[in-house]
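A quick write-up on the structure given underneath.
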Amino acid sequence: MATPTAASTPLDAPDVVPLAQPFINGREVELVTEVLRSGQLSMGPMLARFEELFARFVGTRHAVAVSSGTAGLHLACSTAGFGVGDEVITSPFSFAASANVARSTGSTVTFADIDPHTLGLDPEAVAHAVTSRTRGIIPVDVFGWPADMDSLSVISATHGLAMVQDAREALGATSQGRMVGTAGVPAVFAFHADKQITTGEGGMLVTDDDDLAARWRSIIDQGRTDTGRPLEHGDLGYNIRLSDLASALGVAQLEKLPRMLALRREIAAEYTRGLAGVDGITTPRPDGEGTVRSWFVYWVVLDEALDRAEVRAQLTERGIETTPYLSSMHLQPSFRELGYRAGMFPVAESISARSLALPFFPQMSPHQQDRVIGALRDILGA
Ligand SMILES: *Cc1c(COP(=O)(O)O)cnc(C)c1O
């Protein structure tokens, strides 16, 4: 494989170890150039190629590309029937979009607490949160660990709910040998710059359901019909298509996805080895019980006695980027105004208050990683 292009760190700060960095090389340039030269910048063959390769990788009948993960999740929620008067259960420990999209459909968001080991929705908490108005569940594969789809499917079948899987952090993860995205519910992936593969901005919906895929294809394209008559519109639609330029990035990234996932796995294992025995932090649980995660970020959870802001400040001083990740959504002003308060979801709150994501990307050098490990050991007195 060709070497990646030089780090994008500005020249006046050559020593910073960045939190994340896309892994771009000559292949992306080659395929984007191919699209530019072809003159077909949208709705062309590169888009079809990206969708086909993606469906084959995940193992679903259909993959429909969209302009962002958030747009895709909103579409999947509306075609799942979430709407005004409904309650939709999701995780407070997630990126903003999981809860925001449910609200955008007019539904009320009901949070349920997470499992402290998987960091995904705790099925028992979900079962308790179900009311007569509950319409659906949005499980999130947090940090690349697949949501407990088996337990959630039982709850959903019992109460006649619909599910949409927010798989945006879990491309390539497997559960009991099954690839994430093949659990029989619509699943959504995202290709923002820090994800396992990137198209700059972009997302992908997957399903085995022919009718649902056809509906998605129509809605992302102004609701056009597939009768072959031009400019005939059968559904209310939008334009949330992905361009062929972005798709070219996607194809190049998918080609090297297995290698990038392997590199992420090795770097994670090296962190876990390097941080073993350091007092005051917990490293991520290893894969097991039939689950192989897709490493999205590497994070540590600090003991309560430690001051995370102080640890972060000291790492920043040594040129190491970190981020407190993730925040609890129910404590954000946009959800507090709905009546959510501290203390409602103690597991999510406790982990949100103590987790710290470290620099993590496939082309991270051993030297960069040694610097992070050394700095953290030093700061924590190991
Ligand atoms: C990245 C991410 C998103 C955002 O997807 P976009 O493509 O940026 O819209 C949403 N939810 C989760 C869990 C994510 O990790």
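According to numbering that gives the first Met the number 0, the residues represented by the sequence shown are 0 to 381, in order. Note that CB positions come from ideal geometry on N, CA and C, so glycine has one too. Bear in mind that the values here come from a model prediction, so they are computed numbers and not experimental data.
With distances taken from CA atoms, which of G143, V129, A182 and G176 is nearest G159? V129
Any chance the CB of S326 is under 6 Å from a heavy atom of ligand 1? no
Judging by CA-CA distance, which residue of R307, D220 and V163 is the nearest neighbour of S90? V163
Nearest to I406 by CA position, among Q362, D369, A374 and R370, is which residue? Outside the displayed range of the chain (0 to 381) lies residue 406, so it cannot be described from this structure.
What did DSSP end up calling P323 once you bin it into helix, strand or coil? strand
Is F92 a contact residue of ligand 1, with contact defined as CB to any heavy atom under 6 Å? no
So does the segment 107 to 116 actually touch the segment 249 to 265, counting three or more Cβ pairs closer than 8 Å? no
Kindly identify the DSSP beta-bridge partner or partners of T109. I88
Should V34 and A374 be called a contact, given that it needs their Cβ atoms to be closer than 7 Å? no
Are the beta-carbon atoms belonging to E316 and L18 less than 7 Å from one another? no
Looking at R353: is its Cβ nearer than 7 Å to the Cβ of V296? no
Nearest residue (CA-CA) to L244, options E168, S41 and M203: S41
For ligand 1, I want to know if S67 counts as a neighbour, meaning its beta carbon is within less than 6 Å of at least one of the ligand's heavy atoms. yes
Taking the alpha-carbon positions, what's the P283 to I218 distance? 40 Å
Beta-carbon proximity list for T198, same chain, < 6 Å, skipping 5 on both sides: F190, A245, L248 and G249
Close beta carbons around A79, own chain, < 7 Å, minus the five adjacent residues each side: G135, A161, V163 and P185
Taking the C-alpha atoms as reference points, what is the distance between D220 and A275? 51 Å
Enumerate in chain order the residues of its own chain whose CB-to-CB distance from G43 is below 6 Å, with the five nearest sequence positions on each side excluded. D243
Are there any heavy atoms of ligand 1 lying less than 6 Å away from the beta-carbon of G199, as far as the coordinates show? no
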